[in-house]
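As structure tokens, the structure follows; a few thoughts come after it.
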Amino acid sequence: MYVAVKGGERAIDAAHAWLAEERRGDPAVPELTVAQIREQMTLAVNRVMAEGSLYDPDLAALAIKQARGDLIEAVFLIRAYRTTLPRFGQSRPVDTAAMAVDRRISATFKDLPGGQVLGPTFDYTHRLLDFALAAEGAPPPAPKAPVRDEPVPHVTALLDRDGLIEDQPTDDTPAPDLTRQPLELPASRALRLQALARADEGFALSLAYSTQRGYGRTHAFVGELRIGRVAVEVDLPELGFAVEIGEIELTECDTVNQFKGSKTEPPQFTRGYGLVMGQSERKAISMSLVDRALRWHELGEDFTGAPAQDEEFVLSHCDNIQATGFLEHIKLPHYVDFQAELELVRRIRREATQIREAAE
Amino acid sequence: MSTPSHPETAARRDWISALAKARPERLAALMPDLPAHEMLRAPEIGTIMVQGRISGTGAPFNLGEMTVTRCSVQLAGGAVGHACVQGRDKAHATRAAIADALMQTDIAPRIEAEVLTPLRAEAASTRATRSAKAAATRVEFFTMLRGEDA
Numbered sequence: 008m009y010v011a012v013k014g015g016e017r018a019i020d021a022a023h024a025w026l027a028e029e030r031r032g033d034p035a036v037p038e039l040t041v042a043q044i045r046e047q048m049t050l051a052v053n054r055v056m057a058e059g060s061l062y063d064p065d066l067a068a069l070a071i072k073q074a075r076g077d078l079i080e081a082v083f084l085i086r087a088y089r090t091t092l093p094r095f096g097q098s099r100p101v102d103t104a105a106m107a108v109d110r111r112i113s114a115t116f117k118d119l120p121g122g123q124v125l126g127p128t129f130d131y132t133h134r135l136l137d138f139a140l141a142a143e144g145a146p147p148p149a150p151k152a153p154v155r156d157e158p159v160p161h162v163t164a165l166l167d168r169d170g171l172i173e174d175q176p177t178d179d180t181p182a183p184d185l186t187r188q189p190l191e192l193p194a195s196r197a198l199r200l201q202a203l204a205r206a207d208e209g210f211a212l213s214l215a216y217s218t219q220r221g222y223g224r225t226h227a228f229v230g231e232l233r234i235g236r237v238a239v240e241v242d243l244p245e246l247g248f249a250v251e252i253g254e255i256e257l258t259e260c261d262t263v264n265q266f267k268g269s270k271t272e273p274p275q276f277t278r279g280y281g282l283v284m285g286q287s288e289r290k291a292i293s294m295s296l297v298d299r300a301l302r303w304h305e306l307g308e309d310f311t312g313a314p315a316q317d318e319e320f321v322l323s324h325c326d327n328i329q330a331t332g333f334l335e336h337i338k339l340p341h342y343v344d345f346q347a348e349l350e351l352v353r354r355i356r357r358e359a360t361q362i363r364e365a366a367e
Numbered sequence: 049m050s051t052p053s054h055p056e057t058a059a060r061r062d063w064i065s066a067l068a069k070a071r072p073e074r075l076a077a078l079m080p081d082l083p084a085h086e087m088l089r090a091p092e093i094g095t096i097m098v099q100g101r102i103s104g105t106g107a108p109f110n111l112g113e114m115t116v117t118r119c120s121v122q123l124a125g126g127a128v129g130h131a132c133v134q135g136r137d138k139a140h141a142t143r144a145a146i147a148d149a150l151m152q153t154d155i156a157p158r159i160e161a162e163v164l165t166p167l168r169a170e171a172a173s174t175r176a177t178r179s180a181k182a183a184a185t186r187v188e189f190f191t192m193l194r195g196e197d198a
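Note that the protein sequences, when read in sequence, are chains A and B. Numbering-wise, the working numbering puts 247 at position 240 of the first sequence, and it's gapless, one number per residue. Numbering-wise, the working numbering puts 144 at position 96 of the second sequence, and it's gapless, one number per residue.
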């Protein structure tokens with residue numbers, strides 16, 4: 008029950024003034040600029056863009072500053088801002104095979120056209136704190152090497168040629184949109200992927216990990232992981248043709264999974280798919296594992312009751328803004344609800360005491 | 049709508065794209081003075097829903113939105129220019145629309161030489177630098193000497 012209550016304005020104003028001061032921290036330490044956050048806290052910016060579902064590094068950096076580094080609060084700010092903008096249209100589906108790759112690796116094939124390109128990765132670092140970073144200084148320039156002018160095809164296309172892997176033929180079924188229509192179950196795979204692309208990274212990671220540990224096991228290998236820039240092409244009605252209006256950084260993961268075959272499908276490898284805004288490979292791999300686990304029905308597998316197989320469970324709980332909104336609302340005044348509960352408990356106790364006294 | 053095959057349309061598509069992808073401050077430096085123009089559609093910030101395809105090739109799905117700014121202008125001579133640029137910079141969208149209009153006038157060769165050529169060269173250089181750094185991280189596998197080969 009909700010009842011309008013007045014009062015507290017002065018306290019709220021004072022709280023927000025103090026918040027602003029705490030956000031700034033010690034004034035003797037130079038203030039962070041939005042550009043510094045954008046350039047040097049890039050992966051936090053990427054996470055806020057992915058889960059805020061809005062690609063705009065400057066806005067994400069501003070949100071991180073405003074939220075004092077609380078990334079879910081920053082995602083909340085981005086989601087709120089997004090609702091104020093008109094939507095002009097949709098892009099053509101991005102062509103990830105034409106991505107300008109910074110990183111491209113495969114855990115299934117060693118030698119492949121385009122090669123294994125490590126890119127700016129944390130992999131193979133020793134995870135030892137680097138105290139040199141505590142001092143300021145420019146890093147030495149990264150080495151360069153001659154570029155081989157060759158295409159970097161999707162790895163799964165190699166297996167696809169032999170029919171050993173599930174084919175994913177192009178079709179142009181219009182994509183359903185979670186932000187325009189309420190979620191209805193069962194959801195199409197396209198709708199599930201939209202929900203997972205903006206899902207909380209921690210939730211996606213835990214679910215994906217649970218499938219590896221046996222809760223809806225799918226035996227995934229990373230067929231391919233790529234990070235890089237793709238062009239965004241939009242049909243502009245005033246021109247009557249499509250134009251590349253910008254470039255965005257994406258992380259794509261295609262997992263390859265064992266599949267015994269079913270009544271209708273021969274034994275072959277199946278696939279899970281992850282695509283995330285920015286450089287975010289933990290999220291992209293998690294997304295593809297969860298995508299694959301959710302496909303049990305389509306592929307004629309058994310439902311083992313694992314959380315990652317349960318579409319309603321996954322889709323209803325993966326959004327951290329919905330989750331935090333409902334979770335945190337319980338700290339707001341519930342005085343009247345609680346008063347009612349209190350009355351109820353008192354009455355039950357009174358009745359229980361009377362019954363006991365009557366029995367004695 | 050389809051990808052243009054007409055050469056003039058293809059050329060316009062390319063310059064609109066180069067202007068849209070330019071860094072706003074760079075475009076401003078290359079085009080400091082703007083000719084007289086009338087706003088047909090004042091710069092407006094909005095979003096485009098970016099789509100991907102399932103497994104890169106299948107049915108489309110909505111990945112998330114990106115911010116864009118669009119603008120349409122008409123020059124005193126009558127030429128109409130359009131822009132839709134990534135981000136939220138209204139001056140960028142205005143300049144890009146004016147440049148698109150100017151490219152349809154007699155001074156197109158000047159805009160081509162002074163604005164588009166440098167923008168394209170810089171974009172190519174940025175891309176080449178990233179590709180060269182990526183190429184340096186490409187793994188060159190070698191096989192250790194195996195016992196039976198010795």
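Cβ coordinates follow ideal geometry from the N, Cα and C atoms, glycine included.
Below 8 Å between beta carbons is the criterion; list the residues of the region 131-159 of chain B that meet it against any residue of chain A, in chain order.
Correct list: Cys132, Val133, Gln134, Gly135, Arg136.
For threonine 177 of chain A, go through chain B and note every residue whose CB falls closer than 9 Å to its CB, in chain order.
Locating residue 177 of chain A in the first sequence gives position 170, where the first residue counts as 1. By Cβ distance, chain B contributes Arg101, Thr105, Gly106, Ala107.
For glutamine 219 of chain A, does the three-state DSSP call read helix, strand or coil?
Counted from its first residue, the first sequence places residue 219 of chain A at position 212. If DSSP states are grouped into helix, strand and coil, glutamine 219 of chain A belongs with the helices.
Measuring only between beta-carbons, confirm whether methionine 294 of chain A sits less than 8 Å from chain B.
As a working mapping, residue 294 of chain A is identified with position 287 in the first sequence. No, methionine 294 of chain A does not count as interfacial toward chain B.
Look up methionine 114 of chain B in the DSSP assignment and say whether it is helix, strand or coil.
Translated into the one-based positions of the second sequence, residue 114 of chain B becomes position 66. DSSP places methionine 114 of chain B in strand when its eight states are reduced to three.
Find the residues of chain A that neighbour serine 120 of chain B, judging by a C-beta separation of less than 8 Å, and give them in chain order.
Position 72 of the second sequence, counted from the first residue, corresponds to residue 120 of chain B. The answer, in chain order, is Glu245.
Between which two residues does the alpha helix (DSSP H) harbouring phenylalanine 310 of chain A extend?
The residue given as residue 310 of chain A occupies position 303 in the first sequence. From DSSP, phenylalanine 310 of chain A is part of no alpha helix (DSSP H); its letter is neither H nor E.
How many angstroms separate the CA atom of leucine 243 of chain A from the CA atom of arginine 61 of chain B?
Start at 1 with the first residue of the first sequence, and residue 243 of chain A comes out as number 236. Start at 1 with the first residue of the second sequence, and residue 61 of chain B comes out as number 13. Approximately 10 Å, taken between the alpha carbons.
Strictly below 7 Å CB to CB, what residues from chain A border valine 163 of chain B?
By 1-based counting over the second sequence, the position of residue 163 of chain B is 115. Those do not exist, as valine 163 of chain B stays about 17 Å from chain A at its closest Cβ, beyond 7 Å.
Determine the direct distance from the alpha carbon of leucine 50 of chain A to that of alanine 42 of chain A, and round the result to whole angstroms.
In the first sequence, counting from the first residue as 1, residue 42 of chain A sits at position 35. In the first sequence, counting from the first residue as 1, residue 50 of chain A sits at position 43. In a straight line, the C-alpha of alanine 42 of chain A is about 14 Å away from that of leucine 50 of chain A.
Using a Cβ cut-off of 8 Å (strictly closer), state whether phenylalanine 266 of chain A contacts chain B.
Taking the first sequence and counting its residues from 1, one reaches residue 266 of chain A at position 259. No, phenylalanine 266 of chain A lies away from the interface with chain B (no Cβ there is under 8 Å from its Cβ).
Please identify, using Cβ separations under 8 Å, the residues of the region 63-82 of chain B that lie next to chain A, in order along the chain.
For the region 63-82 of chain B, which is checked against every Cβ of chain A, the residues closer than 8 Å are Ile64, Ser65, Ala68, Lys69.
Ends of the beta strand (DSSP E) at threonine 95 of chain B?
On the second sequence, position 47 is the one that residue 95 of chain B refers to. Its beta strand (DSSP E) spans residues 85-101.
Determine the extent of the alpha helix (DSSP H) in which phenylalanine 83 of chain A is found, giving its start and end residues.
Taking the first residue of the first sequence as 1, we reach residue 83 of chain A at position 76. That run of the alpha helix (DSSP H) goes 78-89.
Is any beta-carbon of chain A found at less than 8 Å from that of alanine 176 of chain B?
The residue given as residue 176 of chain B occupies position 128 in the second sequence. True, the Cβ-Cβ gap to chain A drops below 8 Å.
Name the chain A residues that come within less than 7 Å of methionine 87 of chain B, Cβ to Cβ?
Here residue 87 of chain B is taken as the residue at index 39 of the second sequence, counted from 1. Simply none; closest approach about 14 Å.
Would arginine 186 of chain B and glutamine 219 of chain A be called neighbours here (beta carbons separated by less than 8 Å)?
Translated into the one-based positions of the second sequence, residue 186 of chain B becomes position 138. Translated into the one-based positions of the first sequence, residue 219 of chain A becomes position 212. No. Outside cutoff.
Which residues in chain B have a C-beta closer than 7 Å to the C-beta of leucine 282 of chain A? List them in chain order.
Your numbering for residue 282 of chain A matches position 275 in the first sequence. Going along chain B in sequence order, the residues near leucine 282 of chain A (Cβ under 7 Å) are Gly100, Leu111.
Between which two residues does the beta strand (DSSP E) carrying phenylalanine 345 of chain A extend?
Your numbering for residue 345 of chain A matches position 338 in the first sequence. No beta strand (DSSP E) contains phenylalanine 345 of chain A, which is instead part of the alpha helix (DSSP H) from 342-366.
Using DSSP bridges, identify the partner residues of threonine 262 of chain A.
On the first sequence, position 255 is the one that residue 262 of chain A refers to. Beta-bridge pairing links threonine 262 of chain A to A:Val229, A:Gly279.
Might you give, ordered along the chain, the residues of its own chain that have their beta carbon closer than 8 Å to the beta carbon of leucine 39 of chain A, omitting 5 neighbours on each side?
Here residue 39 of chain A refers to the residue found at position 32 of the first sequence. Closer than 8 Å at the Cβ level, and outside the excluded window around leucine 39 of chain A, lie Lys72.
Determine the DSSP secondary structure at serine 120 of chain B, reduced to helix, strand or coil.
Position 72 of the second sequence, counting from 1, holds the residue named residue 120 of chain B. DSSP places serine 120 of chain B in strand when its eight states are reduced to three.
Verify whether the separation of the beta carbon atoms of threonine 163 of chain A and valine 237 of chain A is less than 8 Å.
For this step, residue 163 of chain A is matched to residue 156 along the first sequence. For this step, residue 237 of chain A is matched to residue 230 along the first sequence. No, Cβ-Cβ distance for threonine 163 of chain A and valine 237 of chain A is not below 8 Å.
Do you know how far the Cα of valine 321 of chain A is from the Cα of aspartate 215 of chain A?
If you number the first sequence from 1, residue 215 of chain A lands on position 208. If you number the first sequence from 1, residue 321 of chain A lands on position 314. The amino acid occupying residue 215 of chain A in the given sequence is alanine; aspartate does not appear at that position. In a straight line, the C-alpha of alanine 215 of chain A is about 11 Å away from that of valine 321 of chain A.
Using a Cβ cut-off of 8 Å (strictly closer), state whether threonine 180 of chain A contacts chain B.
To locate residue 180 of chain A, count along the first sequence from 1; it is residue 173. Closer than 8 Å: yes.
Sort B:Pro80, B:Gly126, B:Lys181, B:Glu86 by Cα distance to aspartate 154 of chain B and report the nearest one.
Along the second sequence, one-based indexing puts residue 154 of chain B at 106. Cα-wise, what sits closest to aspartate 154 of chain B is B:Gly126.
Show which residues of chain A have a CB atom less than 9 Å away from the CB atom of phenylalanine 189 of chain B.
Position 141 of the second sequence, counted from the first residue, corresponds to residue 189 of chain B. Going along chain A in sequence order, the residues near phenylalanine 189 of chain B (Cβ under 9 Å) are Lys117, Asp118, Gln123.
Which residues does DSSP list as the beta-bridge partners of aspartate 242 of chain A?
Within the first sequence, the letter at position 235 stands for residue 242 of chain A. A:Ala249.
Do you know offhand how far aspartate 174 of chain A's Cα is from valine 250 of chain A's?
One-based indexing of the first sequence puts residue 174 of chain A at position 167. One-based indexing of the first sequence puts residue 250 of chain A at position 243. Their backbone Cα atoms lie some 30 Å apart in a straight line.
Taking CB distances under 8 Å as the criterion, tell me whether arginine 168 of chain B reaches chain A.
Within the second sequence, the letter at position 120 stands for residue 168 of chain B. Output row for arginine 168 of chain B: interface = no.
Residues in the same chain with beta-carbon distance under 7 Å from leucine 61 of chain A, minus the five sequence neighbours each way, listed in chain order, please.
The residue you call residue 61 of chain A lines up with position 54 of the first sequence. Counting only Cβ-Cβ distances below 7 Å, and skipping sequence neighbours, we find Ile85, Arg89.
Would DSSP call arginine 186 of chain B helix, strand or coil?
One-based indexing of the second sequence puts residue 186 of chain B at position 138. Strand at arginine 186 of chain B.
Among the residues of its own chain, which have a CB less than 6 Å from the CB of aspartate 109 of chain A, if the five just before and after it don't count?
Working through the first sequence from its first residue, we reach residue 109 of chain A at position 102. Once the five neighbours on either side are set aside, the close Cβ partners of aspartate 109 of chain A are Gly126, Ile234, Gly235.
Should methionine 49 of chain B be flagged as near chain A, meaning a C-beta pair shorter than 8 Å?
What you label residue 49 of chain B is simply residue 1 of the second sequence in a count that begins at 1. Low per-residue confidence applies at methionine 49 of chain B: pLDDT is 47, beneath 50, and the placement is therefore not dependable enough to give any value.
Which residue or residues does DSSP assign as beta-bridge partners of alanine 131 of chain B?
As a position in the second sequence, residue 131 of chain B is number 83, starting the count at 1. DSSP output for alanine 131 of chain B lists B:Cys119 as bridge partner(s).
Using 8 Å as the limit for Cβ to Cβ distance, is leucine 301 of chain A near chain B?
Here residue 301 of chain A refers to the residue found at position 294 of the first sequence. Chain B, which has no Cβ nearer than 8 Å to the Cβ of leucine 301 of chain A, makes this no.
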